[in-house]
Amino acid sequence: MSALLSLRNIWVEYGDKIVLEKVDLDIEAGSFVSIIGPSGAGKSSLLRVVLGQEVPTRGSILLDGEPLKPECGPDRGVVFQRYSVFPHLSVLRNTIFGLECANAPLTARLFGGARRAAAAEAEEMLRAVGLGDALHLYPAQMSGGMQQRLAIAQALVKRPRILLLDEPFGALDPGIRADMHALITRLWRDYALTIIMVTHDIREAFTLGTRVLTLDKRRHDPHAPHRFGATAVYDLPLLRRTEPAASEDAAEENSPQNDEEAIGNG
Amino acid sequence: MRWVNRHARRGDRILLGALPIILLILLYLVLAAQRHAENPMDKILPLPGSMRDAMAALLFQADQLTGQVVFWADTLASLQRLGIGLGIATLSALVVGLVLGVLPPVRATFGPLVTAIAVIPPIALLPILFIALGLGETAKVALIVIGIAPVMMRDIAAYVADLPREQIIKAQTLGASSWQIMIRVALPQAMPRLLHAMRLALGPAWVFLISAEAIASDVGLGYRIFLVRRYLSMDVIIPYVAWIAILAILMDMALALASRRAFPWAHGAKH
Numbered sequence: 000m001s002a003l004l005s006l007r008n009i010w011v012e013y014g015d016k017i018v019l020e021k022v023d024l025d026i027e028a029g030s031f032v033s034i035i036g037p038s039g040a041g042k043s044s045l046l047r048v049v050l051g052q053e054v055p056t057r058g059s060i061l062l063d064g065e066p067l068k069p070e071c072g073p074d075r076g077v078v079f080q081r082y083s084v085f086p087h088l089s090v091l092r093n094t095i096f097g098l099e100c101a102n103a104p105l106t107a108r109l110f111g112g113a114r115r116a117a118a119a120e121a122e123e124m125l126r127a128v129g130l131g132d133a134l135h136l137y138p139a140q141m142s143g144g145m146q147q148r149l150a151i152a153q154a155l156v157k158r159p160r161i162l163l164l165d166e167p168f169g170a171l172d173p174g175i176r177a178d179m180h181a182l183i184t185r186l187w188r189d190y191a192l193t194i195i196m197v198t199h200d201i202r203e204a205f206t207l208g209t210r211v212l213t214l215d216k217r218r219h220d221p222h223a224p225h226r227f228g229a230t231a232v233y234d235l236p237l238l239r240r241t242e243p244a245a246s247e248d249a250a251e252e253n254s255p256q257n258d259e260e261a262i263g264n265g
Numbered sequence: 000m001r002w003v004n005r006h007a008r009r010g011d012r013i014l015l016g017a018l019p020i021i022l023l024i025l026l027y028l029v030l031a032a033q034r035h036a037e038n039p040m041d042k043i044l045p046l047p048g049s050m051r052d053a054m055a056a057l058l059f060q061a062d063q064l065t066g067q068v069v070f071w072a073d074t075l076a077s078l079q080r081l082g083i084g085l086g087i088a089t090l091s092a093l094v095v096g097l098v099l100g101v102l103p104p105v106r107a108t109f110g111p112l113v114t115a116i117a118v119i120p121p122i123a124l125l126p127i128l129f130i131a132l133g134l135g136e137t138a139k140v141a142l143i144v145i146g147i148a149p150v151m152m153r154d155i156a157a158y159v160a161d162l163p164r165e166q167i168i169k170a171q172t173l174g175a176s177s178w179q180i181m182i183r184v185a186l187p188q189a190m191p192r193l194l195h196a197m198r199l200a201l202g203p204a205w206v207f208l209i210s211a212e213a214i215a216s217d218v219g220l221g222y223r224i225f226l227v228r229r230y231l232s233m234d235v236i237i238p239y240v241a242w243i244a245i246l247a248i249l250m251d252m253a254l255a256l257a258s259r260r261a262f263p264w265a266h267g268a269k270h
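Written as structure tokens, this is what we have:
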């Protein structure tokens, strides 16, 4: 199977502290990779390297066989735990932003027909994440779950090759988290996404992922703990689910109104 | 109930806020009346009547020399200088602050220069300005600009540089260039902060305006205060100072209102 994303011998070092060592990974198109591991095992560093926010000290990353530019770009979408929507833009304008950047290099604004087309595309994406009725709210007026829905729509409207999620549901209530799991599963299937998700919730990693990677240190030097970096110690392919897991369905049925309730509270 | 939990109702708040001001005015009146009881010609603490008479001449009668009504000419001249100075400072703070805040290489190059300029006491530059720019309007406006712009620039630059890194990364994954990040992500979010910086800069701006007018001018609120000081005319100085305070409060309120109206997203969730 051809790999969409290949990491070849990636090392990340900060000064003499080695965070990641010798990470070799091939990620196939359409997979949902969960990355777990103890704190400080370089989960977020690995995500930042793939995102282009950080340049690895050694090694190369190939996307479709081409080396990645060491800079963030529209081929990789991202959702962070917080701060990944623009507080000064309404929901609709947050989502149109990505389309405006591509089509209006100088003003970053669209007008007339082009704007209507972009707005229609953005609205469709917002309906897909369940924000069809909240087009003109500002992020500050929305609950955490709605903000993450917006962040996902914002990223997906650019049709990224890979969607990177950095503990996207970590700050949400359990009920809302179950809704979000159902949502991301549906989007993953409907839009044939390739997703890499960092999480500290092992259950979440196994319910959502088609493959679970565990990052940890293979070796440990008690006198210089910082001199050995983490790498993928477990790489578990899971049987691809055709339907969402039963527990997820149950969670969805138990709390279908959670997010809407939160709107009232927010 | 603890004092930290006592919140006055809206009506009570206005009353409470007015109380110290009324008390101060009463105290002044009592002291002025005492002095006038001892010496009816006292000039140090004039009574409201004499202030009214002195101000009536400045408010309603044209000056014989210039043909202008002195009070309004002073107000207009001062507000013009303040407005131009504040405008130039705000505009440059926005442009410089954005560029410094968003682009790390520019920050590394020009950040130290802005800091160096900001720590020079502007009044120390006043002689240079008078020598270089003459005694006209330019030097006064320049003093205001030099006095407040560097602080505003540093404030905006620091604020923009402190925008969550996630937002800048996110914008890049949405395809935004440096320029697009500057105008669509940083600029709108810097605007409420800019209005806030203007409000804070109003105080120093008035200081520099009055200083410049006191030293070399022929019209202006500061000029008038320092002119009539020679005659111990407290009956003019006190109303002028009160007028300056009113103007400053009105500007501050206008800026606060403008910020709430134009950028509701920056002022809490209540839109």
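Residue numbers (numbering that gives the first Met the number 0), protein chains in the order written: chain B, 0 to 265; chain V, 0 to 270. Note that CB positions come from ideal geometry on N, CA and C, so glycine has one too.
Along chain B, in chain order, which residues have C-beta atoms closer than 7 Å to that of residue i?
i              : result
G174 (chain V) : P73, G97, C100, A101, K157
Q67 (chain V)  : Result: empty, since nearest Cβ-Cβ is about 46 Å, beyond 7 Å.
P163 (chain V) : Y82
Q179 (chain V) : C100, A107
Within 10 angstroms of its Cβ, does residue i collect 16 or more other Cβ (buried), or is it exposed?
i              : result
H135 (chain B) : exposed
F110 (chain B) : exposed
R80 (chain V)  : buried
W205 (chain V) : buried
A17 (chain V)  : exposed
V54 (chain B)  : exposed
P173 (chain B) : exposed
V232 (chain B) : exposed
I34 (chain B)  : buried
G51 (chain B)  : buried
Output, in chain order, the set of chain V residues within a Cβ distance shorter than 7 Å of residue i.
i              : result
Q147 (chain B) : Going along chain V, no residue has its Cβ under 7 Å from Q147 (chain B), so there is no contact; the nearest lies around 13 Å.
V77 (chain B)  : I168, K169, T172
Strictly below 8 Å CB to CB, what residues from chain B border residue i?
i              : result
V184 (chain V) : F85
Rounding to the nearest angstrom, what Cα-Cα distance links residue i and residue j in this structure?
i              : j              : result
V68 (chain V)  : S77 (chain V)  : 14 Å
F96 (chain B)  : A61 (chain V)  : 58 Å
R223 (chain V) : L44 (chain V)  : 18 Å
H225 (chain B) : V78 (chain B)  : 29 Å
A150 (chain B) : G112 (chain B) : 25 Å
A131 (chain V) : Q147 (chain B) : 57 Å
D73 (chain V)  : I209 (chain V) : 12 Å
G71 (chain B)  : W242 (chain V) : Here residue 71 (chain B) turns out to be Cys, not Gly, going by the sequence shown. Spanning the two alpha carbons is a distance of roughly 55 Å.
A170 (chain B) : I143 (chain V) : 47 Å
G39 (chain B)  : R92 (chain B)  : 36 Å
P203 (chain V) : P167 (chain B) : 45 Å
G41 (chain B)  : L192 (chain B) : 24 Å
F31 (chain B)  : P66 (chain B)  : 22 Å
L128 (chain V) : A88 (chain V)  : 16 Å
V184 (chain V) : F70 (chain V)  : 45 Å
M50 (chain V)  : G100 (chain V) : 50 Å
L289 (chain B) : A117 (chain V) : Nothing about residue 289 (chain B) can be read from this structure; chain B reaches only from 0 to 265.
A133 (chain B) : L173 (chain V) : 21 Å
I145 (chain V) : A92 (chain V)  : 11 Å
L214 (chain B) : Q166 (chain V) : 27 Å
A148 (chain V) : R114 (chain B) : 38 Å
P243 (chain B) : R47 (chain B)  : Residue confidence is low: P243 (chain B) scores 47 on pLDDT, short of 50, so the model does not pin down where it sits. Its coordinate-derived value is still stated next. Taking the straight line from one Cα to the other gives about 29 Å.
L125 (chain B) : A118 (chain B) : 10 Å
V84 (chain B)  : T65 (chain V)  : 60 Å
M40 (chain V)  : D234 (chain V) : 12 Å
For residue i, return the contacting residues in chain V, with the cut-off set at a CB-CB distance below 9 Å.
i              : result
A2 (chain B)   : Simply none; closest approach about 21 Å.
A154 (chain B) : K169, T172, L173
P104 (chain B) : S176, W178, Q179
Identify the contact partners of residue i in chain B, using a Cβ-Cβ distance below 9 Å as the criterion.
i              : result
P187 (chain V) : F85, H87, L88
At least 3 beta-carbon pairs within less than 8 Å: the region 184-197 of chain V vs the region 258-268 of chain V: When C-beta atoms of the region 184-197 of chain V are compared with those of the region 258-268 of chain V, three or more pairs fall below 8 Å, so the two segments count as touching.
Complete alpha helix (DSSP H) runs within the region 192-269 of chain V (minimum length 4 residues, chain order): Correct list: 220-227, 233-261.
Runs of beta strand (DSSP E) lying entirely within the region 9-95 of chain B, each at least 3 residues, in chain order: Qualifying beta strand (DSSP E) stretches, in chain order: 16-27, 31-35, 57-62, 75-78.
Start-end ranges of the beta strand (DSSP E) lying completely within the region 192-243 of chain B, minimum 3 residues: For the region 192-243 of chain B, whole beta strand (DSSP E) runs of length 3 or above, ordered along the chain, are 194-197, 210-216, 229-236.
Ranges of the beta strand (DSSP E) found wholly within the region 131-155 of chain V, counting only runs of at least 3: As far as the region 131-155 of chain V is concerned, it has no whole beta strand (DSSP E) run of at least 3 residues.
contact_flag[the region 154-162 of chain V, the region 81-100 of chain V] where n(CB pairs < 8 Å) is 3 or more: Judged by Cβ distances under 8 Å, the region 154-162 of chain V makes contact with the region 81-100 of chain V, as three or more pairs qualify.
Meets three-Cβ-pair contact criterion under 8 Å: the region 117-134 of chain V and the region 171-181 of chain V: By the C-beta criterion, the region 117-134 of chain V is judged not to be in contact with the region 171-181 of chain V, since fewer than 3 inter-stretch pairs fall below 8 Å.
Alpha helix (DSSP H) segments (min. 4 residues) lying fully within the region 152-176 of chain V: Taking 4 residues as the shortest admissible run, the region 152-176 of chain V contains the following complete alpha helix (DSSP H) segments, listed from N- to C-terminal end: 164-172.
Contact the region 196-206 of chain B vs the region 15-23 of chain B: 3+ CB pairs below 8 Å: The region 196-206 of chain B makes no contact with the region 15-23 of chain B; the number of CB pairs closer than 8 Å stays below 3.
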